[in-house]
Amino acid sequence: MDKKTILKGFNNHFLEFGDDLITIFPNDYDLKTAYTFIEGLKKINPKIIIDVWYSWILKHYKVEIEEGDFTFFENKDYSYDIGENSKLLKAVENFKNKCVKLDQKNKEKSMKYVQNLSKLCDIYYR
673 MDKKTILKGF NNHFLEFGDD LITIFPNDYD LKTAYTFIEG LKKINPKIII DVWYSWILKH
733 YKVEIEEGDF TFFENKDYSY DIGENSKLLK AVENFKNKCV KLDQKNKEKS MKYVQNLSKL
793 CDIYYR
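Okay, so the sequence shown: first residue is 673 according to my numbering, each after it adds one.
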């Protein structure tokens, strides 16, 4: 499979994940705004999303993702990774607090999305 196909699959799956999250959290306007932003990024620079996933997620959490350890991410203090006074940290914490409230089925489904995206990202960077 060539890189272009993997990248397209990654971006489409990422947006599917966003669609599912919006279905779960229909009144979360921050999530809807982020989704629209990601759609725009995909059009302007499709590679940036997978680059960010690789640098910020896969490099740091590959083992936990492969193990499907959702509780790790629920309990993780992201201030060490992002910085304590960052707007990004506030957004991540807000999202994390929502994920804690998910039922088990949606936690498993979300973890599967993260695992699939990470596998695609890993293949892309080999």
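Glycine residues also receive a C-beta, built at the ideal position from the N, C-alpha and C atoms.
* Asked: Hey, PRO718 and LEU679: beta-carbon distance below 8 angstroms or not?
  -> Here residue 718 corresponds to residue number 46 of the sequence shown, with the count starting at 1. Here residue 679 corresponds to residue number 7 of the sequence shown, with the count starting at 1. Contact: yes.
* For the region 762–775 against the region 735–753, are there 3 or more C-beta pairs whose distance is under 8 angstroms? -> yes
* Would you mind working out which of LYS675, PRO698, ASN788 sits nearest ILE737, comparing C-alpha positions? => As a position in the sequence shown, residue 737 is number 65, starting the count at 1. For ILE737, the nearest C-alpha among the options comes from ASN788.
* **Within-8 angstroms CB hit, ALA706 to chain D** => Chain labels in this structure do not include chain D; a single protein chain is all it has.
* Closest by C-alpha distance to LYS676, when choosing among LYS773, LYS714, THR705, TYR707 -> Counted from its first residue, the sequence shown places residue 676 at position 4. Closest option to LYS676, Cα to Cα, is LYS714.
* Using alpha carbons as the reference points, say which of LYS704, ASN683, GLY690 lies closest to ILE716. => If you number the sequence shown from 1, residue 716 lands on position 44. Of LYS704, ASN683, GLY690, the residue nearest in Cα terms is ASN683.
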